[in-house]
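Letter by letter, the sequence shown follows residues 6 to 277 of our numbering. Note that the Cβ used here is the ideal one computed from N, Cα and C, for glycine as well. In what follows, a single structure is set out as structure tokens and then discussed.
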Amino acid sequence: MTDAAQIAEDRYALRSVNRAIDVLDALGKAGGDGLTVAGVAEQIGVSKSTAFALLQTLLVRNFVTDVRLGGSRRYRLGLALVYLGDRAAEEVGVSQLALPVLRELTALTGLTSRLAILDHGYAVAISRIDAPGILRIASALGQRELPHCSALGKSLLALLPPARVVKLLAQTGMPRRTEHTLVTPAELMSDLMRVAERGYAFDNEEDNIGVVCIGAAITNRDGEGVAAISVTTLKSGLTDADLHELGRTLRKHADRVSRMLGAEVDQEIQAV
């Protein structure tokens, strides 16, 4: 990093946030016995009152926990970090695991394939393998997609409790994108039941006329949907049988990634 870049970075750095991170780093290095307030203050170079304020803030948010050991109050890393670390590792891990599968999927189908996660109700693509040729249909990485009219979104919504789905739809809305878009929760819930039964979802010209997308969810060992994969193509010339054949192919490839994450995949659903 250049001096100018370092100066620019330091300009926007918040001292309180840096100190909170220093506390977490110190507690991480301290191990299971943790540290007292005085120990934290010494480790990060602040007063005891500042260390106490930082620890109490982190304690309220479960980033730090406190215990009594030998008559003194000691602090250790909290469970919030376990949750965030698990989620971060899962999202990074699923991308690394899925990329070779996406390459095989694109090679097999000749279609652009993508990997997406659900972010605040929206489907967000984080990886993509482009199809050979000049035709590019899929959207850019990082772009939010409405869940009610995307195969990626539907694949992940189908694994959630109905009450959770309704809450997410209230946040994202259900605008009509084409004449085929499902615009009421009742319509979508009915479609999601079919998605859950067969293991794959369709965006059948629901987001763009003439474009169809097929998606299938990836689950972890707890059966939770952590991501979804999809392929996108033009609708012209495709029969319903073609779409379902692609759906079964998506399901098979998604199941491969799910197994790598420790999921027990239904053998009947995964059959192509």
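| Check | Outcome |
| --- | --- |
| What's the call for asparagine 67, buried or exposed, on a 16-neighbour Cβ count within 10 Å? | exposed |
| The alpha helix (DSSP H) with glycine 252 in it runs from where to where? | 245-265 |
| Do alanine 121 and alanine 233 have their CB atoms nearer than 8 Å? | yes |
| Tell me whether phenylalanine 68 sits in a helix, a strand or coil according to DSSP, three-state version. | coil |
| Are three or more beta carbon pairs between the region 149-165 and the region 191-202 nearer than 8 Å? | yes |
| Excluding the 5 residues flanking glycine 178 on each side, which residues of the same chain have their C-beta closer than 8 Å to its C-beta? | Leu151 |
| I'd like to know whether the C-beta atoms of alanine 156 and glycine 204 end up nearer to each other than 8 Å. | no |
| My output table needs one value for arginine 20: the three-state DSSP class, helix, strand or coil. | helix |
| How many Å lie between serine 100 and isoleucine 131 at the Cα? | 8 Å |
| Quick one: grab the DSSP three-state call for valine 231. | strand |
| So valine 42 packs on lysine 53, CB below 8 Å; how close in whole Å? | 6 Å |
| Taking the alpha carbon of glutamate 229 as the reference point, which residue from Ala25, Leu123, Val51, Ile26 has its own alpha carbon closest? | Leu123 |
| Going by DSSP, what residue range makes up the alpha helix (DSSP H) through isoleucine 49? | 42-49 |
| Which word fits glycine 126, buried or exposed, when buried means at least 16 other C-beta atoms lie within 10 angstroms of its C-beta? | buried |
| Please state the DSSP three-state secondary structure of serine 195. | helix |
| Please name the residue in Leu173, Ala31, Glu250 whose C-alpha comes closest to that of alanine 206. | Glu250 |
| Take the Cβ of aspartate 38 as the centre, count every other Cβ of all protein chains shown within 10 Å, and call the residue buried at 16 or more, exposed below. | exposed |
| Under 8 Å by Cβ, that's how I've got serine 77 and valine 236 pegged, so tell me the actual separation to the nearest angstrom. | Between valine 236 and serine 77 the Cβ distance is about 59 Å, and since that is not below 8 Å, they are no contact. |
| Could you give the residue range of the alpha helix (DSSP H) that holds threonine 177? | 167-177 |
| Determine whether the beta carbon atoms of alanine 136 and glycine 115 lie at a separation below 8 Å. | yes |
| List the residues that DSSP assigns as beta-bridge partners of aspartate 208. | Cys218 |
| Assuming contact is defined by CB atoms lying nearer than 8 Å, are serine 263 and isoleucine 223 in contact in what I supplied? | yes |
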